[in-house]
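Per the UniProt record's numbering: the sequence shown = residues 1 to 112.
Note that CB positions come from ideal geometry on N, CA and C, so glycine has one too.
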Amino acid sequence: MQRMDKDDLADYLKVNHLEQLSVQTLFDYHSSVGEIKDYCEDLLECFKKEHIYCDEDIRYNDLCAKETEILEDMHIVLNKIIKEHQGTIKAIRRNAAERREELKAIKVKKEK
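This is the structure in structure tokens:
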């Protein structure tokens, strides 16, 4: 196994840290989406129970409006989560691209 010099070690640690950050960000994103999905499914389940036991005089359109409101709220929250994580994901991609270019430049320099 080859020994790494300080620069190689620093490059390796930067790339490794970036990969860990990427994985953690995606994990947080999927975790948040999963929590929102579970919450919305609970809301919809409550809605269904309410629909089953409701009085006959409640109009179907009112119930549909409640369901639509739940789905719209879910959509709004998911969009907020996506926007929050998009900036982080873009930064990670940009940094990863920069790191790849730097590593290519280092390899070319060493080959000369």
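Contact check, residue i vs residue j under 8 Å by CB: the rounded distance?
i   : j   : result
I36 : L78 : 6 Å
M74 : C40 : 4 Å
V32 : I81 : Checking the sequence, you will find Ser at residue 32 rather than Val. Yes, they are in contact, since the Cβ atoms of S32 and I81 sit about 5 Å apart, within 8 Å.
So for residue i, helix, strand or coil by DSSP?
i   : result
G34 : helix
Scan the region 58-98 and note each continuous alpha helix (DSSP H) run of 4 residues or more that stays entirely inside, going in chain order.
none
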